[in-house]
Amino acid sequence: MTKFDVIIIGAGRATNLARSAAAKGKKVAIIEKSAFGGTCPNRGCIPSKLLIGHAHVIRSIKESQRHFISAKIENIDTQKIFDTNNQFVNSIGGIVENGIPDEVTIYKGEASFVADKVVTVNNEQLTAETIIIATGARPRKTIHEKVWTSDTLFPLHEPLPKSITIVGGGFIGVELANFFDAIGVKTVLIARGAELLKQEDKDIQAIFKEEFSKNVEVLFNTEVKKATHNEKGFTLILKNEKGEEITHETEAVIEATGRIPNTEDLKLENTKINVTNRGYIEKNEFCETSVKGIYAVGDVASKYALQHIASHEVVYLGKLLFDNHSEPLQYPYVPHAVFSDPEIGSVGITEEEAKAQNIEYVTAITPWSNSAKARSTRLEYPRTKFIVDPNSHKILGCHLIGPESSTIIHQVLAVMHIDNDIKHLGNMMHIHPAVNEVILAGARAVMKKLK
Ligand SMILES: Cc1cc2nc3c(=O)[nH]c(=O)nc-3n(C[C@H](O)[C@H](O)[C@H](O)COP(=O)(O)OP(=O)(O)OC[C@H]3O[C@@H](n4cnc5c(N)ncnc54)[C@H](O)[C@@H]3O)c2cc1C
C-alpha cells in the first residue's frame, strides 16, 4: 500500500489543495477519472458562459429597432463559434494538469474506498491520514439516452438542430435556451411549475418571466412523460396542468433538471462517512466528514453547487489544514448570477426568505431609468431591489435584473463584506451618470424607510 500525507479525490476546484499541500512539503496524491479542472472549465461555467457574447451581439442586432436603427443579420457562422470556444475549453484541462507541481503524484482513474483511510485506484491501494473528497456532481439520468445534458452537450458541434427543447427552468436551462434561441434554433423551454428560476426573489422572477418569454417559448406547468427518438428527432409526450397529454416534436432535447452528487462510485459503504438522504456527503463547519481526517468540499457536499462556493471551501480548507487556521467555515453573503437575457445578479436573502424567517425588514424596488447611462439601453424592465434591516441598517439582500447585473452587484457585495450598512451606498459619491447610479437610487429609496 502506498502511503501519502494527503489524498485528493477529484481534480476540479480541489486541484488547488494539491498545490497548497505540496508547497508545505506534504506527500500528495490527486486522483481524477476524467478531464482535469472538473465541471466548470470542461462542461459547466466556461463553455456555457463563452456563448454569452455571441448571443448578446445577435440580440443587439435583432433588437436594434429599439434604438431606431434598421439592421439585419446576414450570417451566423456557428461552426466558427463552436470551434473557437471548443479550442479554448479543450486547452484548459492540460493547463490545469500541467499546473500541478511535479512532487504531486497524479493518478488517472476512478477512486473508491476500501476502508476509512484506504482508497483504491487502478488496482493500487493508497492510504493517508488526510483524505479530501471533491468529486463534484453530475446531471440526473435523462428520460432517453439520446437526450443531452450539460455533460454531453459540450463540446458543441455541427450540425445544429433546427429545433431544440430544453427541460428545466433553472439557471442552466434559461442560459442555454437564451443562446440557442439567439442563434436561430427554434427553442422551447419546458418548466414543471408556473415560474422560472424558483430561487430568485418573486419580483425579479416576475420580470424575468415576462421578458424571457418574449424571446423563448415556455410551456409552464408541463412535464415530460415519455420520449421516443427516430432519425428525425424526438417525439415527447407532455402533460400539462389540466392533465392533458400533448405530443411535441423536436429535433434535439436538453435536460437541465438538477444535479446529483458523485458519491455512489466512491463505495462509501466501506467507510463510516455519512451521506444525506439525497446522497450528499455530510460535513461539519470545518468541512470534515463523520470520519476524522476525511474532508469534503465542493458540489459533492454543498447545498450551493456554485464554482465560487467550491473555491471558497477549497481556500478555507487549505488554510485549515496547511496554514494553522482554526476558525469554522462561514458563508457570508453568497452571491449568484443568472447569465441569460435578462441577466440577474443577486446577493443575500429574498423577500420571501425574510418573511419566512420572520425578520423585520424594509424593501424598495426602483427602476434603472433614473440613470441616463442605464436609460440609454432603452430597456424599461431593469430594476434594483433592496431588502434592509430597518434597525441595524444592514443589507439583507439585493437583487438586480438588467444588463451587467452580475457585475454591478459586486458594489453591494463589497459593502456587505467590509462594513454592512446601506448608508455607505446611499452616501458615497457615484460617477454621474454611470449605470451604478441604479444602486445609489435603490439605496436612497430604501434609506427613507429606515428607523
Ligand atoms: C452548465 C453549467 C453551468 C454552470 N455555470 C456556473 C456559473 O456560471 N457559475 C458558478 O459559480 N457555477 C456554475 N456551475 C457550477 C460549477 O461548475 C460547479 O459548482 C463546480 O464546478 C463544482 O466544482 P467541484 O470541484 O466541486 O466539482 P467538479 O468540478 O465537478 O470536479 C469533480 C471532479 O471529480 C472527478 N471525479 C468524480 N468522481 C470521481 C472518482 N470516483 N474518482 C476520481 N475522480 C472523480 C470528476 O471527474 C471531476 O473532474 C455550472 C455548472 C454547469 C453544469
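Our numbering puts the first residue of the sequence shown at 5, with every later residue one more than the last. All residues carry an ideal CB built from backbone N, CA and C; glycine is no exception.
Notebook entry, point to check: Hey, would you say residue 445 sits closer than 7 Å to residue 370, going by beta carbons?
Noted result: yes
Notebook entry, point to check: If you scan the segment 367 to 403 from start to end, which runs of the beta strand (DSSP E) of 3 or more residues do you find wholly inside it?
Noted result: 387 to 392
Item checked: Close Cβ partners of residue 112 (< 7 Å) along its chain, the five nearest in sequence each way excluded -> 36
Note to self: Classify residue 393: buried if its beta carbon has 16 or more other beta carbons within 10 angstroms, exposed otherwise.
What the structure shows: buried
Notebook entry, point to check: How should residue 149 be labelled, buried or exposed, when 16 other C-beta atoms within 10 angstroms of its C-beta is the threshold for buried?
Noted result: exposed
Check: Thinking C-alpha only, which one of 8, 18 and 28 is nearest residue 327?
Finding: 28
Note to self: Given this structure, state the Cα-to-Cα distance separating residue 204 from residue 79, to the nearest angstrom.
What the structure shows: 36 Å
Check: Taking the DSSP output, what are the residues bridged to residue 141?
Finding: 265
Notebook entry, point to check: Within this structure, are the beta carbons of residue 98 and residue 39 separated by less than 7 Å?
Noted result: no
Check: Hey, would you say the C-beta of residue 11 is under 6 Å away from at least one heavy atom of ligand 1?
Finding: no
Next item on the list: Note down, in chain order, each residue of its chain lying with its Cβ closer than 6 Å to the Cβ of residue 223, except the 5 sequence neighbours on either side.
Entry: 194
Next item on the list: Could you name each continuous alpha helix (DSSP H) segment of 4 residues or more that falls completely within the segment 45 to 113, going from the start of the chain to the end?
Entry: 49 to 53, 55 to 66 and 82 to 102
Next item on the list: Compare the C-beta of residue 242 against all C-beta atoms of chain B and say whether one is closer than 7 Å.
Entry: Absent from the structure: chain B. Only one protein chain is present.
Check: Should residue 291 and residue 351 be called a contact, given that it needs their Cβ atoms to be closer than 7 Å?
Finding: no
Note to self: Check this for me: beta carbons of residue 231 and residue 147, under 7 Å apart or not?
What the structure shows: yes
Check: Touching or not, the segment 310 to 326 and the segment 13 to 30, by the rule of three or more beta carbon pairs under 8 Å?
Finding: yes
Next item on the list: Could you please give the first and the last residue of the uninterrupted beta strand (DSSP E) stretch that includes residue 352?
Entry: 347 to 352
Next item on the list: To the nearest angstrom, report how far apart residue 151 and residue 260 are at their CA atoms.
Entry: 10 Å
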